[in-house]
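When the sequence shown is numbered by UniProt numbering, its final residue is 647 and no position is left out of the sequence of numbers.
We put the beta carbon where it would ideally sit given N, CA and C, even for glycine.
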Amino acid sequence: MAAEEKQEYNSDSLTVLEGLEAVRKRPGMYIGSTGERGLHHLVWEIVDNAVDEALAGYCDTIDVTLLEDGGVRVQDNGRGIPVDLHPKLQKPGVEVAYTVLHAGGKFDGKAYAVSGGLHGVGAAVVNALSTKVTVEIHKAGKHWRQGFVASKPDPIEKLGDTDRTGTTVSFWPDPAIFETIEFDFQTIYRRLQEMAFLNKGLTIHIVDERQTDEEGRKREVTFCYKEGIADFVRHLNQTKTPIHKSVIQFDAEGDGIAVEIAMQWNESYGESVYTFANTINTHEGGTHEEGFRSALTTLINRYGTEKKILKGDEKLSGEDIREGLAAIISVKLANPQFEGQTKTKLGNTEAKSFVQKICNEWLVDWLDRNPAEARTIISKASQAARARIAAAQARKLARRKSLLESGSMPGKLADCQSTDPRVSELFIVEGDSAGGSAKQGRDPKVQAILPIRGKILNVEKARIDRVLKNNEVQALITALGTGIHDDFDIEKLRYHKIILMADADVDGQHIQTLLLTLLFRFMRPLVELGHVYLAAPPLYKIKWNRKGDDAQYAYSDRERDGLIRLRQEKKPNAKPDDIQRFKGLGEMNYPELWETTMNPATRTLRQVSLDDAATADELFSVLMGEDVEARRSFIQRNAKDVRFLDI
1 MAAEEKQEYN SDSLTVLEGL EAVRKRPGMY IGSTGERGLH HLVWEIVDNA
51 VDEALAGYCD TIDVTLLEDG GVRVQDNGRG IPVDLHPKLQ KPGVEVAYTV
101 LHAGGKFDGK AYAVSGGLHG VGAAVVNALS TKVTVEIHKA GKHWRQGFVA
151 SKPDPIEKLG DTDRTGTTVS FWPDPAIFET IEFDFQTIYR RLQEMAFLNK
201 GLTIHIVDER QTDEEGRKRE VTFCYKEGIA DFVRHLNQTK TPIHKSVIQF
251 DAEGDGIAVE IAMQWNESYG ESVYTFANTI NTHEGGTHEE GFRSALTTLI
301 NRYGTEKKIL KGDEKLSGED IREGLAAIIS VKLANPQFEG QTKTKLGNTE
351 AKSFVQKICN EWLVDWLDRN PAEARTIISK ASQAARARIA AAQARKLARR
401 KSLLESGSMP GKLADCQSTD PRVSELFIVE GDSAGGSAKQ GRDPKVQAIL
451 PIRGKILNVE KARIDRVLKN NEVQALITAL GTGIHDDFDI EKLRYHKIIL
501 MADADVDGQH IQTLLLTLLF RFMRPLVELG HVYLAAPPLY KIKWNRKGDD
551 AQYAYSDRER DGLIRLRQEK KPNAKPDDIQ RFKGLGEMNY PELWETTMNP
601 ATRTLRQVSL DDAATADELF SVLMGEDVEA RRSFIQRNAK DVRFLDI
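1) Taking aspartate 251 as the reference, give the member of Arg217, Val207, Ile243 and Lys200 with the closest Cα.
2) Flag this pair as touching only if the segment 414-433 and the segment 492-509 have three or more C-beta atom pairs under 8 Å; answer yes or no.
3) Are phenylalanine 197 and aspartate 174 closer than 8 Å when you measure CB to CB?
4) Helix, strand or coil: how does DSSP classify phenylalanine 292 here?
5) Rounding to the nearest angstrom, what Cα-Cα distance links glutamine 440 and valine 467 in this structure?
6) With DSSP as the reference, please indicate the residues paired to asparagine 281 in a beta bridge.
7) Starting from the C-beta of glycine 304, find all residues in its chain whose C-beta is less than 6 Å away, skip the five residues before and the five after it, and write them out in chain order.
8) The beta strand (DSSP E) that contains tryptophan 144, what's its start and end?
9) If we ignore side chains and look at the alpha-carbon of each, how far apart do arginine 524 and threonine 478 end up?
10) For leucine 534, which residues in the same chain have their Cβ closer than 6 Å to its Cβ, ignoring the five residues on either side in sequence?
11) Give the straight-line distance between the Cα atoms of valine 169 and isoleucine 248, rounded to the nearest whole angstrom.
12) What do you reckon, are the CB atoms on leucine 316 and alanine 392 nearer than 8 Å?
13) Do you know offhand how far leucine 333's Cα is from isoleucine 490's?
14) Hey, is the segment 563-579 in contact with the segment 587-596, meaning 3+ C-beta pairs nearer than 8 Å?
15) Tell me which same chain residues have a C-beta within less than 7 Å of the C-beta of glycine 32, skipping the five on either side of it?
16) Alpha carbon to alpha carbon, how far is alanine 140 from proline 92? Give it in angstroms, no decimals.
17) Which residues does DSSP list as the beta-bridge partners of proline 242?
18) For the beta strand (DSSP E) containing methionine 195, name the first residue and the last one.
19) Got a sec? Which residues, its chain only, sit under 6 Å from isoleucine 329 by beta carbon, not counting five neighbours each side?
20) Please report the residue range of the alpha helix (DSSP H) in which lysine 570 lies.
21) Less than 8 Å between the C-beta atoms of proline 451 and glutamine 417, yes or no?
22) Counting Cβ pairs closer than 8 Å, one from the segment 218-226 and one from the segment 178-197, do we hit at least three?
23) For the beta strand (DSSP E) containing threonine 131, name the first residue and the last one.
24) So, for tryptophan 362: in the same chain, excluding its five sequence neighbours on each side, which residues have a beta-carbon less than 7 Å away from its beta-carbon?
25) Can you tell me the Cβ-Cβ gap for tyrosine 98 and alanine 124, rounded? I've got them flagged as a contact below 8 Å.
26) Roughly how many angstroms lie between the CA atoms of isoleucine 300 and glutamate 267, to the nearest whole one?
27) Could you check the C-alpha separation between leucine 296 and leucine 480 for me, to the nearest Å?
28) In three-state DSSP terms, what is proline 591?
29) Three or more C-beta pairs under 8 Å: does that hold for the segment 179-188 against the segment 149-156?
30) May I have the straight-line CA-CA distance separating valine 72 from alanine 258, to the nearest angstrom?
31) Of the choices Lys308, Leu325, Val221 and Ala551, whose alpha-carbon is the least far from that of isoleucine 243?
32) Tell me whether valine 51 sits in a helix, a strand or coil according to DSSP, three-state version.
33) Alpha carbon to alpha carbon, how far is isoleucine 229 from arginine 164? Give it in angstroms, no decimals.
34) Determine the DSSP secondary structure at tyrosine 30, reduced to helix, strand or coil.
35) Where does the unbroken alpha helix (DSSP H) through tryptophan 362 begin, and where does it stop?
36) Report the residue from Arg24, Met29, Gly122 and Leu101 whose alpha carbon sits nearest the alpha carbon of aspartate 52.
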């Protein structure tokens, strides 16, 4: 894993796997989508290259600038992309890297022992999907530049002498390819902060030149974490109360693999364990997480029994032990294998045994040296176990009761006729009256309705036994069919679209947030795999005549004003006969509800996506947790940010 063994980085290091073809025709294959996620993937590709230099030990500073004209500039102080001629293609190395797909130093292992970048498609794809790219290289005392316009290379230029090293890449995304070319500062902020946490001591500086504050200052931030993932764990726990003072932290290297682990328990009832492989967020877990879980469960049980903290034959489950645990597991491998639905699950078998071995060595030592903290951790897990057993008994009683009744589905569920989950939709509707309209207005073949009465329990503040006693929560879990936590099974999901339908007011948004908290904490894969949606019922009905036969619906004040303005531009004397403001879903008759909110041909659905689970974790903890001061501070900071209000 040592950097010294991998010092050569010239054009010979660039391994050409295939030609750059069809990227513009099928961009989704290379960057996932042409929406916001795909747009930001361009930034990640270039930043990943700079981080690879940091992983190899040659770079300690990365500067990312969002340019005023819509471009992005990424600068590092690494070795600089090769400029000598590629032995096979007889072109400068930088030109090969930016015009040939998969031409990178990542593939033969000579230039990099470890590299990030999930797709590994690299710089060439950024070039293919940009109108212009400029690369400046400082290497071996010379300053070089090569430009690319519409993916075509200009001749490389030698600009003079230099006393520094590194690469600066500027690119401008192609508006003909992307749905939007406006980069989101918060998205870049979160991803680069994560990168800084995962690369101890690496400085990442972000500047946004597109806007300035009242005093003319640009928005900028610098990340550098001397303790790396230990600082990440402190960040996760900043809105929670830790139950032991110090963050447990250890790392080790083996043959072709290195692991870093940091962890700390807190008073909450949720689990915040995040795993990474070569700085890629492995949302679906994998072998490194399996190794960690297995070692943790075995060790805590053994220690608790030996020290007589656990009574008799008391045994803790992995779920009990991980209650309130914030942990980061970061592995770096020479040859990572990714699998799973979104290629974010680590498959390397050696990662499981290595992580298990290291946890066994280090955790035993920490527990022995910190007996008081160990007792506190095991006591918390023991309380969780008692709650789990009580919850299991409650579930058993509920199951027995439901088997004696006519069917095992909740009584208030109006199920759909289809048994194919791929076409089935579940509308979770606030209030019985709205549920009635929805039942009348739905397509019974594929649309099921589950009315929720009142505000459901805030699961952020309740332990599992109390959560599972709540009737509304029970009904929802039963209707979905997947189970929760460790018993969760995506194959048992009864509806592939779960649509939260609430009033378009503050109460409605609160209910949606309570439901999202439940899904995130107990059935997170539903959110991660894109099964959760928010319905968008209209706020206004604008009638232009008494009959209302040419009525229009508006989903915001701005849209209402815009529709009126448009009509008046065509007919200057036009004036709405009536503008009805819907106070709730129950005010709509069922044809209106169908047409505006439920009909797949005319409705608007917003998919709930999870780009950054750690940030979502923090957000739910702040908004729904016990810390009133943290919530007040968050609301004051973000009151002007419409994105947070428009859930």
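Reading from the atomic positions:
1) Within the sequence shown, the letter at position 251 stands for residue 251. Cα-wise, what sits closest to aspartate 251 is Lys200.
2) yes
3) Residue 197 sits at position 197 when you count from the first residue of the sequence shown. Residue 174 sits at position 174 when you count from the first residue of the sequence shown. Contact: no.
4) Taking the sequence shown and counting its residues from 1, the one referred to as residue 292 is at position 292. In the structure shown, phenylalanine 292 sits in a helix (DSSP, three-state: H, G or I).
5) One-based indexing of the sequence shown puts residue 440 at position 440. One-based indexing of the sequence shown puts residue 467 at position 467. About 31 Å.
6) Residue 281 sits at position 281 when you count from the first residue of the sequence shown. According to DSSP, asparagine 281 bridges with Phe276.
7) Position 304 of the sequence shown, counted from the first residue, corresponds to residue 304. The residues are Leu310 and Ile378.
8) Taking the first residue of the sequence shown as position 1, residue 144 is located at position 144. 142-149 is the extent of the beta strand (DSSP E) around tryptophan 144.
9) The count along the sequence shown starts at 1 and reaches residue 524 at position 524. The count along the sequence shown starts at 1 and reaches residue 478 at position 478. Each residue's alpha carbon lies about 16 Å from the other.
10) For this step, residue 534 is matched to residue 534 along the sequence shown. So the qualifying residues of the chain are Leu500 and Arg606.
11) Taking the sequence shown and counting its residues from 1, the one referred to as residue 169 is at position 169. Taking the sequence shown and counting its residues from 1, the one referred to as residue 248 is at position 248. When rounded, the distance between both Cα atoms is 38 Å.
12) In the sequence shown, residue 316 corresponds to position 316, counting from 1. In the sequence shown, residue 392 corresponds to position 392, counting from 1. It is not a contact, given that the beta carbons lie outside the stated cut-off.
13) Your numbering for residue 333 matches position 333 in the sequence shown. Your numbering for residue 490 matches position 490 in the sequence shown. Going by the C-alpha atoms only, they are around 29 Å apart.
14) no
15) Position 32 of the sequence shown, counted from the first residue, corresponds to residue 32. For glycine 32, where only same-chain residues beyond five positions count, the Cβ hits under 7 Å are Gly38 and His41.
16) Start at 1 with the first residue of the sequence shown, and residue 92 comes out as number 92. Start at 1 with the first residue of the sequence shown, and residue 140 comes out as number 140. Rounded to whole angstroms, proline 92 to alanine 140 spans 15 Å at the Cα level.
17) Position 242 of the sequence shown, counted from the start, is the residue given in the question as residue 242. Asn266.
18) Locating residue 195 in the sequence shown gives position 195, counting from the first residue. That residue, methionine 195, is in no beta strand (DSSP E); its alpha helix (DSSP H) goes 185-198.
19) In the sequence shown, counting from the first residue as 1, residue 329 sits at position 329. These residues qualify, in order along the chain: Ile261, Thr275, His288 and Phe292.
20) Residue mapping note: residue 570 aligns to position 570 of the sequence shown, counting from 1. Start and end: 557-570.
21) Here residue 451 refers to the residue found at position 451 of the sequence shown. Here residue 417 refers to the residue found at position 417 of the sequence shown. Going by C-beta atoms, proline 451 is not nearer than 8 Å to glutamine 417.
22) yes
23) Along the sequence shown, read from residue 1 onward, the residue named residue 131 stands at position 131. Run containing threonine 131: 130-139, per the beta strand (DSSP E) assignment.
24) Taking the first residue of the sequence shown as position 1, residue 362 is located at position 362. These residues qualify, in order along the chain: Phe250.
25) For this step, residue 98 is matched to residue 98 along the sequence shown. For this step, residue 124 is matched to residue 124 along the sequence shown. 6 Å between Cβ atoms; contact.
26) The residue given as residue 300 occupies position 300 in the sequence shown. The residue given as residue 267 occupies position 267 in the sequence shown. Between isoleucine 300 and glutamate 267, the C-alpha separation is close to 18 Å.
27) Taking the sequence shown and counting its residues from 1, the one referred to as residue 296 is at position 296. Taking the sequence shown and counting its residues from 1, the one referred to as residue 480 is at position 480. In a straight line, the C-alpha of leucine 296 is about 31 Å away from that of leucine 480.
28) Taking the first residue of the sequence shown as 1, we reach residue 591 at position 591. In this structure, proline 591 counts as helix in the three-state DSSP scheme.
29) no
30) If you number the sequence shown from 1, residue 72 lands on position 72. If you number the sequence shown from 1, residue 258 lands on position 258. If I take the Cα positions, the gap works out to 32 Å.
31) Along the sequence shown, read from residue 1 onward, the residue named residue 243 stands at position 243. Comparing Cα-Cα distances from isoleucine 243 to each of Lys308, Leu325, Val221 and Ala551, the minimum goes to Leu325.
32) The residue given as residue 51 occupies position 51 in the sequence shown. Here valine 51 sits in helix by DSSP.
33) Taking the sequence shown and counting its residues from 1, the one referred to as residue 164 is at position 164. Taking the sequence shown and counting its residues from 1, the one referred to as residue 229 is at position 229. Near 30 Å, if we compare the C-alpha coordinates of isoleucine 229 and arginine 164.
34) Here residue 30 refers to the residue found at position 30 of the sequence shown. In the structure shown, tyrosine 30 sits in a helix (DSSP, three-state: H, G or I).
35) Position 362 of the sequence shown holds residue 362. Unbroken alpha helix (DSSP H) run through tryptophan 362: 349-369.
36) Start at 1 with the first residue of the sequence shown, and residue 52 comes out as number 52. The shortest Cα separation from aspartate 52 among Arg24, Met29, Gly122 and Leu101 belongs to Gly122.
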